[in-house]
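Peer 1:
Numbering (the numbering used here), first residue to last: 117 to 399.
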């Protein structure tokens with residue numbers, strides 16, 4: 117069985133942190149999700165290790181993830197949150213806390229929930245991102261609109277040393293089956309920057325067909341990412357528990373492994389499922 121790092125797992129606890137995006141959510145997501153609910157499934161899929169990813173813009177969410185990582189033997193990293201709008205506070209937290217933290221591996225901000233699609237281009241945020249680049253700390257980009265990708269491209273122009281990964285392939289047009297439209301143009305441009313990576317994740321929910329999505333639905337978009345970013349700059353994530361909206365954890369990993377292994381050879385497959393993530397997040 118091949119080694120797999122799941123680079124996109126969420127946990128949240130409604131008693132310990134605030135999750136504004138879950139307000140008024142009537143789905144299965146609007147409750148506490150703990151790592152113990154996922155752990156029994158990882159052996160079935162063959163997950164070797166996992167990375168927890170920020171789910172809210174507060175320190176309580178980050179503390180929950182770090183605590184979960186310390187108490188879960190197969191979790192090897194945390195993509196945390198920092199107050200990027202406050203550069204001095206970001207620097208202080210990095211120097212006094214996070215740089216000594218064994219599980220701290222990256223930063224994310226839910227830019228897709230900000231009214232301003234150019235949120236990352238604010239001077240204070242750019243100064244904070246420069247700190248990340250100086251310390252070789254990668255940044256996860258949540259792009260759900262073309263404008264978010266355009267903003268990330270501007271960030272790359274201003275801070276070329278910053279390593280960034282597009283979560284969920286920046287929402288490709290799987291739903292409309294478009295090949296590949298404005299998404300394709302922007303992602304093709306992004307792929308020309310050597311520090312942009314692509315995370316193959318979240319495609320079941322992106323497909324819009326939820327329970328009925330298949331390997332054939334997502335294969336063109338995964339093939340596009342592999343073609344343009346190359347097998348050196350793509351890796352995979354499950355997006356649990358959000359992925360539960362589109363079927364089981366084993367279903368999504370079966371689809372990802374089937375599609376990727378149909379497109380590349382064994383050595384490249386090992387890069388995509390294991391080595392690239394290890395290198396990107398310094399696991």
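Virtual Cβ for every residue (Gly too), placed ideally from N, Cα, C.
According to DSSP, which residues form a beta bridge with residue 190?
Peer 2: Locating residue 190 in the chain shown gives position 74, where the first residue counts as 1. Beta-bridge pairing links residue 190 to no other residue.
Peer 1: Should residue 166 be labelled buried (16 or more other beta-carbon atoms within 10 Å of its own) or exposed?
Peer 2: Your numbering for residue 166 matches position 50 in the chain shown. When all chains shown are included, residue 166 counts as buried.
Peer 1: Between residue 258 and residue 286, what straight-line distance do the alpha-carbon atoms span, to the nearest angstrom?
Peer 2: Numbered from 1 along the chain shown, position 142 holds the residue referred to as residue 258. Numbered from 1 along the chain shown, position 170 holds the residue referred to as residue 286. The alpha-carbon atoms of residue 258 and residue 286 are separated by roughly 7 Å.
Peer 1: Specify the secondary structure class of residue 196 as computed by DSSP and reduced to three states.
Peer 2: Against the chain shown, residue 196 aligns to sequence position 80. Three-state DSSP puts residue 196 in a strand.
Peer 1: Identify the residues that DSSP records as bridge partners of residue 168: which are they?
Peer 2: On the chain shown, position 52 is the one that residue 168 refers to. According to DSSP, residue 168 bridges with 125 and 194.
Peer 1: Could you tell me the boundaries of the alpha helix (DSSP H) in which residue 381 lies?
Peer 2: Residue numbering aside, residue 381 sits at position 265 when the chain shown is read from its first letter. From DSSP, residue 381 is part of no alpha helix (DSSP H); its letter is neither H nor E.
Peer 1: What residue range does the alpha helix (DSSP H) around residue 158 cover?
Peer 2: Taking the chain shown and counting its residues from 1, one reaches residue 158 at position 42. In the DSSP annotation of this structure, the continuous segment of the alpha helix (DSSP H) that includes residue 158 starts and ends at 155-161.
Peer 1: Go ahead and label residue 354 buried or exposed: buried means 16 or more other beta carbons lie within 10 angstroms of its beta carbon, across all protein chains shown.
Peer 2: The residue you call residue 354 lines up with position 238 of the chain shown. Answer is buried; the Cβ neighbour count reaches 16.
Peer 1: With DSSP as the reference, identify every bridge partner of residue 315, one or two as the case may be.
Peer 2: On the chain shown, residue 315 is found 199 positions in, with the first residue counted as 1. Per DSSP, the beta bridge partners of residue 315 are 351.
Peer 1: Taking all protein chains shown into account, decide if residue 172 is buried (16 or more other Cβ within 10 angstroms of its Cβ) or exposed.
Peer 2: Walking along the chain shown from the start, residue 172 turns up at place 56. The residue is buried, with at least 16 neighbouring Cβ atoms inside 10 Å.
Peer 1: List, from N- to C-terminal side, the beta strand (DSSP E) runs of 3 residues or more that fit wholly inside the region 261-321.
Peer 2: 280-282 and 312-316
Peer 1: Quickly, what does DSSP pair residue 223 with across the bridge? List them, please.
Peer 2: As a working note, residue 223 is residue 107 in the chain shown. DSSP output for residue 223 lists 196 and 255 as bridge partner(s).
Peer 1: Note down, in chain order, each residue of its chain lying with its Cβ closer than 8 Å to the Cβ of residue 358, except the 5 sequence neighbours on either side.
Peer 2: Numbered from its first residue, the chain shown carries residue 358 at position 242. If we look at residue 358 and ignore the five residues flanking it on each side, its Cβ neighbours are 126, 145, 318 and 321.
Peer 1: Do three or more CB pairs link the region 247-258 to the region 200-214 at distances below 8 Å?
Peer 2: yes
Peer 1: Using a Cβ-Cβ cut-off of 6 Å (strictly less than) and excluding sequence neighbours within five positions of residue 371, which residues of its own chain qualify?
Peer 2: The sequence position of residue 371 within the chain shown is 255, counting from 1. Same-chain partners within the cutoff: 331.
Peer 1: Below 8 Å on the Cβ atoms is my contact criterion, and I expect residue 194 with residue 204 to pass it. Report the Cβ-Cβ distance as a whole number of Å.
Peer 2: Indexing the chain shown from 1 puts residue 194 at position 78. Indexing the chain shown from 1 puts residue 204 at position 88. Going by Cβ atoms, the distance from residue 194 to residue 204 rounds to 23 Å, so no, they are not a contact pair.
Peer 1: Let me make sure I understand the geometry here. Which of 377, 307, 335 and 222 has the alpha-carbon closest to that of residue 268?
Peer 2: Counting from one through the chain shown, the residue named residue 268 turns up at place 152. The closest CA to that of residue 268, considering only 377, 307, 335 and 222, is found on 307.
Peer 1: Report, in whole angstroms, the separation of the C-beta atoms of residue 272 and residue 233, which I expect to be a contact under 8 Å.
Peer 2: Within the chain shown, the letter at position 156 stands for residue 272. Within the chain shown, the letter at position 117 stands for residue 233. Wrong, their Cβ atoms sit about 16 Å apart, outside the cutoff.
Peer 1: Buried or exposed: residue 132, going by 16 or more other Cβ atoms within 10 Å of its Cβ?
Peer 2: Reading the chain shown from its first residue, position 16 is the one you call residue 132. The residue in question, residue 132, is exposed, as its Cβ has fewer than 16 Cβ neighbours within 10 Å.
Peer 1: Quick one: Cα of residue 180 to Cα of residue 253, how far?
Peer 2: As a first step, residue 180 must be located in the chain shown, where it is residue number 64. As a first step, residue 253 must be located in the chain shown, where it is residue number 137. Spanning the two alpha carbons is a distance of roughly 20 Å.
Peer 1: What's the gap between the Cα of residue 160 and the Cα of residue 366?
Peer 2: On the chain shown, position 44 is the one that residue 160 refers to. On the chain shown, position 250 is the one that residue 366 refers to. Straight-line Cα distance between these residues: approximately 7 Å.
Peer 1: Within a Cβ cutoff of 6 Å, which residues of the same chain sit near residue 176, ignoring the five residues on either side of it in sequence?
Peer 2: As a first step, residue 176 is located in the chain shown; it is residue number 60 there, counting from the start. Taken in chain order, the residues that qualify are 132 and 133.
Peer 1: Quick check: the Cα distance between residue 379 and residue 202, rounded to an integer number of angstroms?
Peer 2: Within the chain shown, the letter at position 263 stands for residue 379. Within the chain shown, the letter at position 86 stands for residue 202. Taking the straight line from one Cα to the other gives about 44 Å.
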